[in-house]
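Remarks on the structure that follows.
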Amino acid sequence: INPDIQKERDTRTFDYEELAMLLNGGKEEREKRKKIVSIVESDRDYDGPDPSFMSRMDRFEEWMRKSSLLVKKKEKLGELVQDHKDFMFYNLNVTKKRPNVFFDLHYGMFVPTLMGQATDEQRAKWLIPAINHEILGTYAQTEMGHGTFLRGLETTAHYDPETEEFEIHSPTISSIKWWPGTLGKTCNHAIVMAQLYTRGVCHGIHAFMVQIRNMEDHTSMPGITLGDIGPKFGYNENDNGFLKLDHVRVPRDNMLMKHSQVLEDGTYVAAPRKNLTYGTMTMVRSFIVRDAAYALARACTIAIRYSAVRRQSELRPGEPEPQILSYPTQQHKLFPLLATSYAFFFAQLHMVEMYGSVNEAVGKGDYSNMQELHSVSSGLKAFTTWTTNSGIEVCRMSCGGHGYSLASGLPELYTYFTPNCTYEGENTVLMLQNARYLIKCAREGSNGAKSVAYIHQDA
Amino acid sequence: PQMRQYVDFNDLDTICKLYEQRARGLVKFAANKVEEEVRNGEDLVGALNKVSVHSVRAANAHCHYFVVKNFVDEIKTLELSPGLRSVLMDLARLYALDGLSKNSGEFMEEGLLSGKDVKQCHQLVVELLPKIRPNAVSLVDSYEFSDKILMSVLGRYDGNVYPNLLEWAMKSELNKTDVIPAYEKHIRPLLKRHQMSKL
Chain A
1170 INPDIQKERD
1180 TRTFDYEELA
1190 MLLNGGKEER
1200 EKRKKIVSIV
1210 ESDRDYDGPD
1220 PSFMSRMDRF
1230 EEWMRKSSLL
1240 VKKKEKLGEL
1250 VQDHKDFMFY
1260 NLNVTKKRPN
1270 VFFDLHYGMF
1280 VPTLMGQATD
1290 EQRAKWLIPA
1300 INHEILGTYA
1310 QTEMGHGTFL
1320 RGLETTAHYD
1330 PETEEFEIHS
1340 PTISSIKWWP
1350 GTLGKTCNHA
1360 IVMAQLYTRG
1370 VCHGIHAFMV
1380 QIRNMEDHTS
1390 MPGITLGDIG
1400 PKFGYNENDN
1410 GFLKLDHVRV
1420 PRDNMLMKHS
1430 QVLEDGTYVA
1440 APRKNLTYGT
1450 MTMVRSFIVR
1460 DAAYALARAC
1470 TIAIRYSAVR
1480 RQSELRPGEP
1490 EPQILSYPTQ
1500 QHKLFPLLAT
1510 SYAFFFAQLH
1520 MVEMYGSVNE
1530 AVGKGDYSNM
1540 QELHSVSSGL
1550 KAFTTWTTNS
1560 GIEVCRMSCG
1570 GHGYSLASGL
1580 PELYTYFTPN
1590 CTYEGENTVL
1600 MLQNARYLIK
1610 CAREGSNGAK
1620 SVAYIHQDA
Chain B
1116 PQMRQYVDFN
1126 DLDTICKLYE
1136 QRARGLVKFA
1146 ANKVEEEVRN
1156 GEDLVGALNK
1166 VSVHSVRAAN
1176 AHCHYFVVKN
1186 FVDEIKTLEL
1196 SPGLRSVLMD
1206 LARLYALDGL
1216 SKNSGEFMEE
1226 GLLSGKDVKQ
1236 CHQLVVELLP
1246 KIRPNAVSLV
1256 DSYEFSDKIL
1266 MSVLGRYDGN
1276 VYPNLLEWAM
1286 KSELNKTDVI
1296 PAYEKHIRPL
1306 LKRHQMSKL
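Quick mapping for you: the protein sequence lines, in order, are chains A and B.
End of the first sequence = 1628 in our numbering, gap-free, step of one.
End of the second sequence = 1314 in our numbering, gap-free, step of one.
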């Protein structure tokens, strides 16, 4: 151990174990995490070349190898990986925050959408095979021409009562599905979001299950054109893809019908609440708040540890070079960000808890807090990701020249984190959604939910 | 001015109140602007669009207030040893005061802080830094990110940065041979031409 960093650890004024337990979910959870880390790190199968020196194709293949290994080895972990949270932690340790082609979109969006929007019969048909990895799915919403503005999506799904089928079609170049992770080359199923038409009337965006690749030889299904969208700022292990649908016909049962339905004769039965279809996005936004907290914490860890071992300049001629952590200007760059990482850690706890309780209530037919959840998740997603994005760059700059090297880990942390500001809702648009709710509460004079009650209190 | 005589930057509840009032002020400002546009004949959609720059500031202030208050409330509610509570309180104060300092314009706009208050706030941030310093490394260690997750030579737990930086660089493709193939193709002919022209 470098003596300078050891000295820093010797000077702390609090009980390390107490804080480590708090940040890692309590004693039992922390023990479990330690075991998972130890299992993954001692498994030589998960070793591989340093990605900094790899080409995109090599990276893609290496992460596919690790992702498939993870799925195969999961069973052997027994009780250690009990729920989604454990699996997420296991996944993080294997992939090191890079994409898991068999997990991220599949478990992050495909499976939750089935859980939230499919009927019992549809769950039996697709959810169990999805969990058993008999099918691999993704969530195809964003198009080349439209992202955050969902009503602008152009893909159509026309219902034909004669054959009891939907015809799903990409009518223009800009309507081609563009960006969904693992869509290009990996997945064989996709939940496609399209404008539903029955009896000539458009009923807005609905979710449809579409088989996109042949289950025997993995070739694209008839009427479907698939591909990778090319290299990106980061996330180059992922085959973010495009999908063009040419009058593809799927049975009526392939529309996810838990909330709204199309009957055999084409009668449309609306959902009790209009925005239930967007539940998956609210969930993902809640988890992005958590990712923002951890990404900033990781950047601070790198910059603060390095600042403790790096020595630079002399305050007075002949004096030893001080650790850069001792300079007030360095502290002024890093310590507010360290404090921010803690503030975000507690915010994400609140956010994930809130998502869980509102989701449970929605399951029981209580939609009263949905608007509040949508508003808070939109606002916090934008607020935390903007701060973390700029914060990682401050941490990189604080490492001087070495921060520019991929060896610092900070350039890659930045390029991996930065799409959080634009995916799952572009940040400015999300802030405007949050603001609409606040302005509505202010204008209508209603107290609204707890988090906005202060607007009407006296200054 | 009446408000300012009660400002105590050592009191986290007071700081939370300042955030609350900034958010309320900016939300009401945006809402009033919408009303004004509607009164001038704009429909609601048009009014919201015209006011959108103010709206984003309002939403940002609301989220900032939410995060500050949630941080303070959590520390108050959690069962913590006095040592840890004090460290987390310092972090919460630093987060809140740094936010006041960096967004001082909006707090001044709402009449919540004077120039003198803002100067005091900058000073308090500077004074908090040496209080955080003895715990800084342990505060990041407590997240317990393994070296394999961080994937950073600079952020290694053992702090042995320089030998590992050299080891890392040796993996570079360009270091596989001492003389790179491009030497024969591009460098050597250039050098020859230069030498010949000198002759």
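C-beta: ideal position from N, C-alpha, C; glycine also.
(message) For F1321(B), would you say it is in contact with chain A, using Cβ-to-Cβ distances shorter than 8 Å as the test?
(response) Nothing can be reported for residue 1321(B): it is not among the residues displayed for chain B, which extend from 1116 to 1314.
(request) Give the DSSP bridge partners of Y1366(A), in chain order. (result) As a working note, residue 1366(A) is residue 197 in the first sequence. Looking at the DSSP output, Y1366(A) shares a beta bridge with H1327(A) and C1371(A).
(message) Quick check: the segment 1317–1326 of chain A against the segment 1386–1403 of chain A, are at least 3 beta-carbon pairs closer than 8 Å?
(response) Remark: fewer than three beta-carbon pairs, one from each stretch, lie closer than 8 Å, so the segment 1386–1403 of chain A and the segment 1317–1326 of chain A are not flagged as touching.
(request) Ignore the nearest five residues each way along the sequence and tell me which others in L1133(B)'s own chain have a CB closer than 8 Å to its CB. (result) As a first step, residue 1133(B) must be located in the second sequence, where it is residue number 18. Closer than 8 Å at Cβ, skipping near neighbours: V1122, L1215, F1222, L1227 and L1228.
(message) Tell me the rounded alpha-carbon separation between M1520(A) and V1458(A).
(response) Translated into the one-based positions of the first sequence, residue 1520(A) becomes position 351. Translated into the one-based positions of the first sequence, residue 1458(A) becomes position 289. Approximately 7 Å, taken between the alpha carbons.
(request) Find the residues of chain A that neighbour K1263(B), judging by a C-beta separation of less than 7 Å, and give them in chain order. (result) For this step, residue 1263(B) is matched to residue 148 along the second sequence. Ordered by position in chain A, the residues that pass the 7 Å Cβ test against K1263(B) are E1210 and K1265.
(request) Count the other CB atoms, across all protein chains shown, that sit within 10 Å of the CB of D1498(A); report buried if there are 16 or more and exposed otherwise. (result) Counting from one through the first sequence, the residue named residue 1498(A) turns up at place 329. The amino acid occupying residue 1498(A) in the given sequence is Thr; Asp does not appear at that position. By the 16-neighbour rule on beta-carbons within 10 angstroms, T1498(A) is exposed.
(request) Could you name the residues of chain A that P1304(B) contacts, counting a contact when the two beta carbons are closer than 7 Å? (result) As a position in the second sequence, residue 1304(B) is number 189, starting the count at 1. Simply none; closest approach about 29 Å.
(message) Cβ closer than 8 Å: which chain A residues qualify as neighbours of K1143(B)?
(response) Reading the second sequence from its first residue, position 28 is the one you call residue 1143(B). Those are A1611 and I1624, listed as they occur along chain A.
(request) Could you pull the start and end residues of the alpha helix (DSSP H) that P1304(B) belongs to? (result) Along the second sequence, read from residue 1 onward, the residue named residue 1304(B) stands at position 189. Start and end: R1303 to K1313.
(message) Against chain C, does Y1437(A) count as a neighbour if the rule is that its beta carbon must be under 8 Å from one of theirs?
(response) Among the chains of the structure shown, chain C does not appear; the protein chains present are A and B.
(message) Using the three-state DSSP reduction, which class does L1322(A) fall into: helix, strand or coil?
(response) The residue you call residue 1322(A) lines up with position 153 of the first sequence. Residue state, collapsed to three classes: coil.
(message) Quick check on A1293(A): buried or exposed, where buried means 16 or more other Cβ atoms within 10 Å of its Cβ?
(response) Numbered from 1 along the first sequence, position 124 holds the residue referred to as residue 1293(A). Under this definition A1293(A) is an exposed residue.
(message) Please state the DSSP three-state secondary structure of D1397(A).
(response) Walking along the first sequence from the start, residue 1397(A) turns up at place 228. Secondary structure of D1397(A) (DSSP, three-state): strand.
(request) Within 10 angstroms of the Cβ of T1436(A), are there 16 or more other Cβ atoms? Answer buried if so, exposed if not. (result) As a first step, residue 1436(A) must be located in the first sequence, where it is residue number 267. Flag for T1436(A) reads exposed.
(request) Spatial neighbours of S1455(A) within its chain, please: CB distance less than 6 Å, with the 5 preceding and 5 following residues excluded, ordered by chain position. (result) Position 286 of the first sequence, counted from the first residue, corresponds to residue 1455(A). Correct list, in chain order: M1520, V1521, Y1524 and S1546.
(request) Can you tell me which of the three DSSP states G1614(A) falls into? (result) For the purposes of this step, residue 1614(A) is identified with residue 445 of the first sequence, where counting begins at 1. Coil.
(message) Would R1485(A) pass as an interface residue toward chain B - the criterion being a Cβ-Cβ separation below 8 Å?
(response) One-based indexing of the first sequence puts residue 1485(A) at position 316. By this cut-off, R1485(A) is not an interface position.
(request) Classify K1201(A) as buried or exposed, calling it buried when 16 or more other Cβ atoms lie within 10 Å of its own Cβ. (result) Position 32 of the first sequence, counted from the start, is the residue given in the question as residue 1201(A). With 16 or more other Cβ atoms within 10 Å, it is buried.
(message) Cutting at 8 Å between CB atoms, please list the residues of its own chain near K1235(A), excluding the five before and the five after it.
(response) Mapped onto the first sequence, residue 1235(A) falls at position 66. Closer than 8 Å at the Cβ level, and outside the excluded window around K1235(A), lie Y1215, G1217, V1263, T1264 and N1269.
(message) Suppose you measure from the CA of Y1536(A) to the CA of V1527(A); what does that come to, to the nearest Å?
(response) Taking the first sequence and counting its residues from 1, one reaches residue 1536(A) at position 367. Taking the first sequence and counting its residues from 1, one reaches residue 1527(A) at position 358. One alpha carbon belongs to Y1536(A), the other to V1527(A), and they sit about 8 Å apart.
(request) Kindly indicate which three-state DSSP category T1557(A) falls into: helix, strand or coil? (result) Here residue 1557(A) refers to the residue found at position 388 of the first sequence. T1557(A): helix per DSSP, three-state reduction.
(request) Under the assumption that V1250(A) contacts S1261(B) (Cβ atoms under 8 Å), give the Cβ distance between them as a whole number of angstroms. (result) Start at 1 with the first residue of the first sequence, and residue 1250(A) comes out as number 81. Start at 1 with the first residue of the second sequence, and residue 1261(B) comes out as number 146. At roughly 17 Å, the Cβ-Cβ gap does not stay under 8 Å, so V1250(A) and S1261(B) are not in contact.
(request) Find out if the Cβ-Cβ distance for the pair I1381(A), N1357(A) is shorter than 8 Å. (result) The sequence position of residue 1381(A) within the first sequence is 212, counting from 1. The sequence position of residue 1357(A) within the first sequence is 188, counting from 1. It is a contact, given that the beta carbons lie within the stated cut-off.
(message) Any C-beta of chain B within less than 8 Å: which residues of the segment 1170–1200 of chain A qualify?
(response) I1170, N1171, D1173, I1174, Q1175, E1177, R1178, T1180, R1181, T1182, F1183, D1184, Y1185, E1187, L1188, A1189, L1191, L1192, N1193 and R1199
(request) Put H1501(A) into one of helix, strand or coil per three-state DSSP. (result) On the first sequence, position 332 is the one that residue 1501(A) refers to. H1501(A) falls in the helix class under three-state DSSP.
(request) Would you please verify whether the beta carbon of P1116(B) is less than 8 Å from any beta carbon of chain A? (result) Indexing the second sequence from 1 puts residue 1116(B) at position 1. With a pLDDT of 41 at P1116(B), under the threshold of 50, the modelled position of this residue cannot be trusted; read the value that follows with caution. P1116(B) does not count as touching chain A.
(request) Would you tell me roughly how many angstroms separate the C-alpha atoms of G1614(A) and H1625(A), rounded to the nearest one? (result) For the purposes of this step, residue 1614(A) is taken as residue 445 along the first sequence, with counting starting at 1. For the purposes of this step, residue 1625(A) is taken as residue 456 along the first sequence, with counting starting at 1. In a straight line, the C-alpha of G1614(A) is about 7 Å away from that of H1625(A).
(request) Inspect the CB distances between the segment 1370–1377 of chain A and the segment 1320–1334 of chain A and report whether three or more fall short of 8 Å. (result) yes
(request) Just confirm the distance between the C-beta atoms of N1260(A) and D1460(A), as a whole number of angstroms; I'd bet it's less than 8 Å. (result) The sequence position of residue 1260(A) within the first sequence is 91, counting from 1. The sequence position of residue 1460(A) within the first sequence is 291, counting from 1. The Cβ separation is near 13 Å, so there is no contact.
(request) May I ask you to list the residues that DSSP assigns as paired with H1179(B)? (result) Within the second sequence, numbered from 1, the residue matching residue 1179(B) stands at position 64. Looking at the DSSP assignment, H1179(B) forms no beta bridge with any residue, so it has no partner.
(request) Pick helix, strand or coil for K1148(B), following the three-state DSSP scheme. (result) In the second sequence, residue 1148(B) corresponds to position 33, counting from 1. K1148(B): helix per DSSP, three-state reduction.
(request) Report the residues of the segment 1283–1313 of chain B with a CB closer than 7 Å to any CB of chain A, ordered along the chain. (result) W1283, K1286, S1287 and E1288
(request) Would you grab the beta carbon distance between Y1606(A) and S1544(A) for me? Rounded to a whole angstrom, and I think it's under 8 Å. (result) Reading the first sequence from its first residue, position 437 is the one you call residue 1606(A). Reading the first sequence from its first residue, position 375 is the one you call residue 1544(A). With a beta-carbon spacing of about 4 Å, Y1606(A) and S1544(A) fall inside the 8 Å limit used to define contacts.
(message) Taking 8 Å as the threshold (beta carbon to beta carbon), is N1262(A) in contact with chain B?
(response) On the first sequence, position 93 is the one that residue 1262(A) refers to. Answer yes: the Cβ-Cβ gap between N1262(A) and chain B drops below 8 Å somewhere.
(request) Assuming A1468(A) contacts Q1492(A) (C-beta within less than 8 Å), just tell me the rounded distance between them. (result) In the first sequence, counting from the first residue as 1, residue 1468(A) sits at position 299. In the first sequence, counting from the first residue as 1, residue 1492(A) sits at position 323. Rounded, the Cβ-Cβ distance is 19 Å, inconsistent with contact.
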